[in-house]
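Just below is one structure, and these are the notes that go with it.
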Amino acid sequence: MKKAFIIVLLFVLVSVTAFLGFSSDKNNQPQTYYQVYLDGELLGNITSKKSLEKYITNTQRYIKEKYNIDDVYAPNGLEIKKIVSFQENIMGVDDIYQLIQERKPFTIKGYQITIFSDDISQKIYVLDEKVYRTALENSIKTFVGTEGYTSYINKTQKQITDVGTYINNIYIENQMTIKETYISTDEQIYTSSDELTKYLLFGTTDQQKIYNVKLGDTIEQVAFDNEISVEELLISNPKFKTSNALLYPGLEITIGILSPQIKITVEQEVVEDFVDKYKTIEQVDENLNVGVTKVTREGEDGLLRIKQNVKITNGTTVYIKQVSKQEMKPSISKIVVKGGKKVNGVGDSNWVWPTDSGWKITSNYGYRINPITGARELHGAIDIAGTGYGSNIYSANNGVIYKVANDAINGKHVVINYNNGYYIQYNHLSKYADNIAVGAYVEKGQVIGYMGMTGQATGPHLHFAVWYGGPPFSWSAYRVNPWTLYK
Numbered sequence: 001m002k003k004a005f006i007i008v009l010l011f012v013l014v015s016v017t018a019f020l021g022f023s024s025d026k027n028n029q030p031q032t033y034y035q036v037y038l039d040g041e042l043l044g045n046i047t048s049k050k051s052l053e054k055y056i057t058n059t060q061r062y063i064k065e066k067y068n069i070d071d072v073y074a075p076n077g078l079e080i081k082k083i084v085s086f087q088e089n090i091m092g093v094d095d096i097y098q099l100i101q102e103r104k105p106f107t108i109k110g111y112q113i114t115i116f117s118d119d120i121s122q123k124i125y126v127l128d129e130k131v132y133r134t135a136l137e138n139s140i141k142t143f144v145g146t147e148g149y150t151s152y153i154n155k156t157q158k159q160i161t162d163v164g165t166y167i168n169n170i171y172i173e174n175q176m177t178i179k180e181t182y183i184s185t186d187e188q189i190y191t192s193s194d195e196l197t198k199y200l201l202f203g204t205t206d207q208q209k210i211y212n213v214k215l216g217d218t219i220e221q222v223a224f225d226n227e228i229s230v231e232e233l234l235i236s237n238p239k240f241k242t243s244n245a246l247l248y249p250g251l252e253i254t255i256g257i258l259s260p261q262i263k264i265t266v267e268q269e270v271v272e273d274f275v276d277k278y279k280t281i282e283q284v285d286e287n288l289n290v291g292v293t294k295v296t297r298e299g300e301d302g303l304l305r306i307k308q309n310v311k312i313t314n315g316t317t318v319y320i321k322q323v324s325k326q327e328m329k330p331s332i333s334k335i336v337v338k339g340g341k342k343v344n345g346v347g348d349s350n351w352v353w354p355t356d357s358g359w360k361i362t363s364n365y366g367y368r369i370n371p372i373t374g375a376r377e378l379h380g381a382i383d384i385a386g387t388g389y390g391s392n393i394y395s396a397n398n399g400v401i402y403k404v405a406n407d408a409i410n411g412k413h414v415v416i417n418y419n420n421g422y423y424i425q426y427n428h429l430s431k432y433a434d435n436i437a438v439g440a441y442v443e444k445g446q447v448i449g450y451m452g453m454t455g456q457a458t459g460p461h462l463h464f465a466v467w468y469g470g471p472p473f474s475w476s477a478y479r480v481n482p483w484t485l486y487k
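Going by our numbering, the first residue of the sequence shown is number 1, and it counts up by one from there.
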């Protein structure tokens with residue numbers, strides 16, 4: 001009996017020991033966990049990576065509704081590492097979520113567009129690649145025109161038979177990249193192509209200033225008074241087809257200050273007919289007193305057909321090259337005989353044009369974005385181009401050479417004192433004419449130099465600046481719109 005009791009006792013002890021040993025081994029087995037890091041900082045441990053991802057998506061209802069999407073993702077910089085460990089400090093996904101939300105915004109899937117400009121770059125974010133493509137196309141149409149862009153893309157342009165324009169190339173000068181990525185929700189994310197177009201053109205999505213037209217306003221005057229160019233005003237107000245559009249009191253005009261984020265360039269061939277203004281030949285009769293004038297032959301304008309290669313960036317003509325010039329009708333010079341008993345350097349009220357025929361104004365007197373520096377400033381002159389590199393530049397009246405100089409901005413230039421209050425500066429000459437020196441007398445229409453692009457210039461042109469009351473930039477002088485001389 002005693003022996004049997006001992007056997008039973010031993011059996012019980014062995015069973016208990018085996019059971020306890022088995023339980024201990026199970027609790028000490030390593031388990032699979034996930035360590036959650038944010039920007040290198042360990043936030044805690046969870047049991048399921050998918051549960052956290054699902055919790056983020058389900059909880060961020062505001063973001064899903066705002067962007068009309070199905071999924072929201074972890075912040076950039078969140079890393080989840082799978083580990084196998086004897087781990088006891090496990091957190092719930094709601095606790096981990098709270099820690100993440102306090103530290104960094106969540107992300108959504110979209111596209112990152114990087115625009116490179118000189119030595120800087122900027123990033124733009126969109127949900128749909130189509131938003132970017134459409135905004136880019138809209139921006140191009142703004143500067144090129146919808147009709148011209150469409151015919152260029154569809155290859156339906158008509159070749160020029162007499163006069164007209166043919167687009168050879170349209171391109172964006174900036175390097176641009178696009179990639180799919182996770183976008184932080186604290187970034188500006190564009191969901192509308194119209195909104196992105198506005199940013200690409202104006203550098204902001206803010207509401208532009210509105211101007212109410214007053215009696216007597218013109219587009220040119222409204223643009224000048226608001227320190228923008230006429231071209232900018234027309235771009236911001238597509239309802240106006242030309243700068244000659246009629247305005248009426250109460251009409252609202254958007255004052256859009258362009259700040260293009262990309263450089264849209266169009267290269268085109270242009271064939272135009274230009275009036276070849278007749279020249280006036282002045283003959284001196286020493287038997288007549290100064291001031292006595294006789295017209296011995298009236299002048300008659302001719303007609304020139306000129307082909308030019310034109311490069312336009314963001315609506316501004318930056319380069320013109322004359323390809324050919326055909327005389328359709330010759331001009332007949334006007335002959336004027338003037339008394340020459342006394343020679344002086346005093347200009348009269350009749351001013352002659354400073355270039356050959358076939359000219360085009362590439363930048364008017366008024367506010368613009370400087371094509372060299374990118375700064376918004378008053379362009380206190382008119383830029384005349386299109387007559388060809390090396391073509392003649394004429395003195396606009398009788399006067400005395402005040403300055404002959406060459407610098408990095410104006411290039412080779414001449415300033416003439418017309419001794420009637422006016423001083424005119426002729427910039428960017430390729431070279432000076434013979435006998436041009438300070439103190440020399442010049443006659444109206446006399447060649448003083450040749451068209452060039454010295455100094456800060458994007459192409460051959462004459463920068464024609466008029467001052468009154470003293471030499472340029474002197475304390476007593478002020479700028480004058482050159483067009484007032486020819487009205």
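Think of the CB as a built atom: it goes at the ideal place given N, C-alpha and C, for glycine as much as any other residue.
| Query | Result |
| --- | --- |
| Buried versus exposed, by CB contacts within 10 Å (16 or more), GLU231 | buried |
| Which listed residue (TYR111, ASN350, THR387, TRP351) has its alpha carbon closest to that of ILE306 | THR387 |
| Three-state secondary structure (DSSP) of PHE274 | strand |
| Separation of LEU303 from PRO330, as counted between CA atoms | 7 Å |
| Check whether LYS360 and THR313 have beta carbons under 7 Å apart | no |
| 7 Å Cβ cutoff met for THR165 and GLN268 | yes |
| Pair within 7 Å by beta-carbon distance, LEU378 and TYR394 | no |
| Stretch-stretch touch, CB-based, cutoff 8 Å, three pairs: the stretch 86 to 97 with the stretch 32 to 49 | yes |
| Identified DSSP bridge partners for LEU136 | LEU136 is not bridged to any residue. |
| Pick from ASN397, THR454, LEU201 that is closest to PRO260, judged by C-alpha positions | LEU201 |
| Residue nearest to GLU102 in terms of C-alpha spacing, selected from ASP276, LEU127, LYS158, ALA74 | ALA74 |
| Straight-line gap, ASP186 to MET176 (C-alpha atoms, nearest Å) | 23 Å |
| Extent of the continuous beta strand (DSSP E) run through ASP383 | 382 to 385 |
| Proximity below 7 Å, CB of ILE113 to CB of ILE124 | yes |
| Rounded straight-line distance, which links the Cα of MET91 to that of LEU52 | 11 Å |
| Contact belief for TYR468 with TYR422 at Cβ below 8 Å, rounded distance in angstroms | 6 Å |
| Nearest-angstrom Cα separation, counted from LYS109 out to VAL271 | 49 Å |
| Reference VAL415; option with closest CA among GLN60, TYR37, ALA440 | ALA440 |
| Length-filtered (3 minimum) beta strand (DSSP E) runs lying within the stretch 205 to 260 | 209 to 212, 252 to 255 |
| Same chain, Cβ closer than 7 Å to PRO30, neighbours up to 5 away in sequence not counted | VAL84, SER85, PHE86 |
| Given 8 Å, three or more beta-carbon pairs between the stretch 144 to 163 and the stretch 232 to 249 | no |
| Spatial distance of ASN68 from VAL222 (CA atoms) | 42 Å |
| Span of the beta strand (DSSP E) around SER151 | No beta strand (DSSP E) contains SER151, which is instead part of the alpha helix (DSSP H) from 146 to 153. |
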